[in-house]
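The structure under discussion appears below in the form of structure tokens.
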Amino acid sequence: EPEVTQTPSHQVTQMGQEVILRCVPISNHLYFYWYRQILGQKVEFLVSFYNNEISEKSEIFDDQFSVERPDGSNFTLKIRSTKLEDSAMYFCASRRAGGVYNEQFFGPGTRLTVL
Amino acid sequence: AQSVTQLGSHVSVSEGALVLLRCNYSSSVPPYLFWYVQYPNQGLQLLLKYTSAATLVKGINGFEAEFKKSETSFHLTKPSAHMSDAAEYFCAVSDGSGNTGKLIFGQGTTLQVKP
């Protein structure tokens, strides 16, 4: 069964460093998302991506964040200069074309720890 | 703006007992509603979804949920809990009027199943 994969599973970085979180969505899906979950808090929407551009982003997704689909299979989230408060679990998700009622498939997440 | 409230961050039941996880939503447009489950160290997996068809929705692993517009609720139930049901459960709403399909999550409910 197709699944969304994410690497690495755990990333530790120093404050101010750049990190890139990687995701491989399901191959025939067209909509891609990043969410994050700070420990003990709810899962929050960061950004959605369709047709090679951002379709929506939340207030969290400021200039320090960027997304890219560099090669037609990977979907990346870059944080340019990490802050302590960026420590969280980051989930990638994808869904196929059609209505927004279609299921989003989630990856297992990347736990980012900023020291 | 849409929102989801899950009543009870932690629910404990005995094996074989009824499971009831509560979810209330707020939406200015007809919502699409989802329940996801997260097992330890795994991504979010869809249990079931409401997409304006039948108000009683059956999902995987014996779970079901009933959409009640008058109560703005979408509570998740299972007649008989199994030890393997122990996990984190998330209720989410998707904006049917937009086309990004972003999910707004509740705070999550941890289900503990006692032998």
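If you read the sequences in order, they're chains Y and H. Residue 1 is where the first sequence starts when you use the working numbering, and the numbers rise one by one after that. Residue 116 is where the second sequence starts when you use the working numbering, and the numbers rise one by one after that. From the three backbone atoms N, C-alpha and C, an ideal C-beta is built for every residue, glycine too.
Think of a sphere of 8 Å around the beta carbon of residue 162(H): no beta carbon from chain Y falls inside it, the nearest being about 10 Å out. Scanning its chain for C-beta atoms nearer than 6 Å, with the 5 sequence neighbours on each side dropped, one finds around residue 125(H) the residues 225, in chain order. Residue 108(Y) has a beta carbon lying within less than 9 Å of a beta carbon in chain H. CA-CA distance, residue 216(H) to residue 29(Y), rounds to 13 Å.
Going by DSSP, residue 190(H) is part of the beta strand (DSSP E) stretching over 188-193. Residues of chain Y whose Cβ lies closer than 7 Å to the Cβ of residue 223(H) are, in chain order, 42. Here DSSP, grouped into helix, strand and coil, assigns residue 89(Y) to strand.
The C-beta of residue 217(H) comes closer than 9 Å to at least one C-beta of chain Y. Among the residues facing chain H, residue 102(Y) is included, as its CB has a counterpart in that chain under 9 Å away. Nearest to residue 191(H) by alpha-carbon distance, out of 162(H), 130(H), 222(H) and 201(H), is 162(H). Residue pairing by DSSP places residue 79(Y) opposite 19(Y) and 65(Y) in a beta bridge.
Boundaries for residue 41(Y): no beta strand (DSSP E) harbours it, and the DSSP string shows neither H nor E there.
The way I'd put it, the region 90-100 of chain Y doesn't touch the region 55-73 of chain Y; fewer than three beta-carbon pairs between them come closer than 8 Å. Relative to the Cα of residue 150(H), the nearest Cα in the group 227(H), 131(H) and 166(H) belongs to 166(H). Any Cβ of chain H closer than 9 Å to the Cβ of residue 95(Y) would place that residue at the interface, and such an atom is present.
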